[in-house]
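Input: a single structure, listed below in structure tokens.
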Amino acid sequence: MGNGPSLARTDWDLLRGEATIGTNRIYLLRDAMGFDPDVYCCVNDLVLEQFHPEIASLPSLKLIDWRFGRRVLAADRRTAFLPELPVLAFHGDLLDGWNHGYTVTFAALQAAFFLGFERVILIGVDHRFAASGHATREVTSRGADRDHFAPDYFGRGVRWHLPDLAGSTRAYRIAREAYRAAGREILDATEGGALGVFPKLPLAEALTRPGPKIAGPFQNRR
């Protein structure tokens, strides 16, 4: 689950009983979703710095960037700190670490691969932003957030990094090829998303597409 505005139009009933991976401030949608994601990923130092008390309270299995996360979060049986490997590449074995790939979604795709998922369905990966400026530059929000699913996601006074859409696209292509090479697939069910890397299907169709969906420790619970 990305964090784009399209998430506000998601039919959450479709995902009840499915294994899910959420990122960054996805927990702001808890009431609408009716569940917490099974796995939570965060690699951004500004998100961790400003929202670590909320992140610490999540019941999800938490996969966190090691460099900054260990400074603000305590290690426990549901929190793992992973080092970032410096070269842009897909790492299917998280025991070695992961690469952030310009977007936490790339890190989440590595987590899904490591956990044994054969099919991953993206939602909320809108891949477009109203905010403009130099990629990865730190900015402070001056008002309501138009680039995420809630106006208070990165609301007034919150510091965040501007996106690097070109870098993210490169990372997504690397993820696509890694999944293909392993006989797995990534589908994009983001409603109205601008990303053109993965096959696009409506969420209901992607969830009912024939073939194996989940392997490894998580099983389809429908």
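In my numbering, the protein residues as written are 9 to 230.
In this text, a Cβ means the ideal position worked out from N, Cα and C, and glycines have one as well.
The structure presented is a predicted model; accordingly, all values stated were derived computationally and were not measured.
Per DSSP, the bridge partner or partners of residue i
i             : result
leucine 123   : For leucine 123, which the question treats as bridged, DSSP gives no partner whatsoever.
threonine 31  : Cys49
tryptophan 92 : According to the sequence shown, residue 92 is glutamate rather than tryptophan. Paired residue(s): Trp106.
threonine 87  : Lys70, Asp84
Environment of residue i [buried if 16+ CB atoms lie within 10 Å]
i             : result
glycine 201   : buried
proline 91    : exposed
alanine 97    : exposed
arginine 17   : exposed
glycine 141   : exposed
leucine 45    : One detail in the question is off: residue 45 reads as proline in this sequence, not leucine. It is buried - the Cβ of proline 45 has at least 16 other Cβ atoms within 10 Å.
aspartate 134 : buried
proline 61    : exposed
aspartate 153 : buried
arginine 109  : As written in the sequence, residue 109 is glycine, which differs from the arginine given in the question. Its Cβ being crowded by 16 or more others within 10 Å, glycine 109 is buried.
aspartate 104 : exposed
proline 13    : buried
serine 65     : exposed
Euclidean distance between Cα positions of residue i and residue j
i              : j                 : result
alanine 223    : glycine 165       : With a pLDDT of only 45 at alanine 223, under 50, the local geometry of the prediction cannot be trusted, and the value read off the model is given with reservation. Cα to Cα, alanine 223 sits roughly 42 Å from glycine 165.
arginine 192   : phenylalanine 125 : 8 Å
glutamate 213  : tyrosine 187      : 20 Å
isoleucine 63  : leucine 117       : 20 Å
leucine 22     : arginine 178      : 30 Å
valine 55      : threonine 31      : 10 Å
leucine 93     : alanine 40        : 35 Å
threonine 111  : glycine 151       : 23 Å
alanine 174    : threonine 198     : 18 Å
threonine 87   : leucine 203       : 31 Å
asparagine 107 : proline 218       : 31 Å
leucine 36     : alanine 158       : 8 Å
Minimum Cβ-Cβ distance from residue i to chain D less than 9 Å
i          : result
alanine 27 : Among the protein chains of the structure shown there is no chain D, as only one such chain exists.
beta-carbon residue i near the ligand PLP non-hydrogen atom, thresh 8 Å
i            : result
arginine 167 : You won't find the ligand PLP in this model; it holds no ligand whatsoever.
Span of the alpha helix (DSSP H) around residue i
i             : result
aspartate 177 : Looking at the sequence itself, residue 177 is threonine, so the reference to aspartate does not match. Element bounds for threonine 177: 173 to 189.
threonine 216 : 211 to 216
alanine 64    : 53 to 64
alanine 40    : 38 to 41
glycine 25    : Run containing glycine 25: none; DSSP gives neither H nor E here.
Residue i: first and last residue of the uninterrupted beta strand (DSSP E) it sits in
i                 : result
phenylalanine 206 : Per DSSP, phenylalanine 206 belongs to no beta strand (DSSP E) and is neither H nor E.
phenylalanine 76  : Element bounds for phenylalanine 76: not the beta strand (DSSP E) but the alpha helix (DSSP H), 74 to 80.
aspartate 196     : 193 to 196
Practice item. Any chance you could list the beta strand (DSSP E) runs of at least 3 consecutive residues sitting entirely within the stretch 100 to 172, in chain order? Key: 127 to 130, 146 to 148, 167 to 169
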